[in-house]
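Numbering (this note's numbering), first residue to last: 712 to 1010.
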């Protein structure tokens, strides 16, 4: 109100020197002066400057824009979602990828070049997705079957050896001290210790305890894809280890002879049949302690 009174006196040139000094020092003085200067040059009929300025002053100032609380919450939620999506993108594309098949399971997935991989039970693969084109390398623990896209090349590294591929289908198995590679189509290069071997369609190679042996394969894909485990000259401990992985059970062996080698197939969807084949082959007696624990004793 005081400012309005001073403004009216200023327009009428009624301010005292002190009041004029205070009014000119006010933050709005420049605005009022521009209005006065502008209106002084206007030629209109019956212009009432006091009325005009009173109307200007009587107009309500625009209320500050207030953002409702719920809208603030929505903005914060949207920011969190964007951040989460960004983190997810980074994880999916820049953090090394890990694919796992738990005991009693199989897992299928595709590589960035659309090559297909099937992991057998108790196996794991690690690879980098973000720079796949320049670093086509997989780290395999366990067993996996690969269907490689035509013309695509990559390497499978295990603790026992390396397999280099180009447009092919093959199986790699690295368990403990045994390394098996089977080529079902095309060709693969196998590196083990200081050896390098080229496998073509229908060929396989096995390395174990410093020994190497090769076999001919007639199937078009590994038997475990069709729920069978195929063994070629493997000892009973390796056989039981694989059965434990496939059925997610625990097997205890009480037998003296653990060196006899087994060649044959076991089902992965019928535990009773698998146990019967093992007991008959090695002359063992089956004792089921619980649903998930089996004991083999010598007869």
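All C-beta atoms, glycine included, are put in the ideal place defined by N, C-alpha and C.
All values reported here derive from a predicted model rather than from experimental measurement.
When 1010, 956, 948 are compared against residue 939, the one with the closest alpha-carbon: 956
Rounded C-alpha distance that separates residue 986 from residue 886: 21 Å
Segment contact, 8 Å Cβ cut-off, at least three pairs: the region 952-966 with the region 837-846: no
Neighbour-count burial assignment, residue 865, 16 or more Cβ in a 10 Å radius: buried
Contact under 8 Å by Cβ, residue 916 with residue 892: yes
Ordered list of beta strand (DSSP E) runs contained in the region 806-892, each at least 3 residues: 808-812, 818-821, 827-830, 834-838, 848-858, 864-868, 872-877, 880-886
Euclidean distance between Cα positions of residue 912 and residue 894: 5 Å
Meets three-Cβ-pair contact criterion under 8 Å: the region 821-828 and the region 850-866: yes
3-residue-minimum beta strand (DSSP E) runs that sit fully inside the region 891-927, ordered along the chain: 898-903, 906-911, 914-919, 922-927
Beta-carbon proximity list for residue 980, same chain, < 8 Å, skipping 5 on both sides: 938
Buried or exposed by the 16-neighbour rule on C-beta atoms within 10 Å, applied to residue 933: buried
Residue 900 versus residue 884: straight-line alpha-carbon distance, rounded: 15 Å
Between the CA atoms of residue 919 and residue 909 - distance to the nearest angstrom: 18 Å
Residue 728 - containing alpha helix (DSSP H), residue span: 728-735
Residue 754 versus residue 726 - alpha carbon distance: Because the pLDDT of residue 754 is 49, which lies under 50, any placement of that residue in the model is unreliable, and the number read from its coordinates should be weighed accordingly. Roughly 26 Å separates the two Cα atoms.
Distance between residue 876 and residue 931 (C-alpha atoms, nearest Å): 17 Å
Sub-8 Å separation of residue 889 and residue 949 beta-carbons: yes
Contact set for residue 809: own chain, Cβ-Cβ below 8 Å, skip 5 residues either direction: 835, 836, 837
Whole-angstrom distance between residue 991 and residue 984, CA atom to CA atom: 11 Å
Sub-8 Å separation of residue 976 and residue 996 beta-carbons: no
Whole-number beta carbon distance between residue 1004 and residue 960, since they are thought to touch under 8 Å: 7 Å
Residue from 871, 862, 868 whose Cα sits closest to the Cα of residue 879: 862
Exposure of residue 874, with buried meaning 16 or more beta-carbon neighbours within 10 Å: buried
Rounded separation between residue 1006 and residue 951 - CA only: 11 Å
Helix, strand or coil at residue 931 [DSSP, three-state]: coil
Alpha-carbon to alpha-carbon, residue 922 and residue 903: 11 Å
Beta-bridge pairing of residue 965 - partner residues as DSSP gives them: 1008
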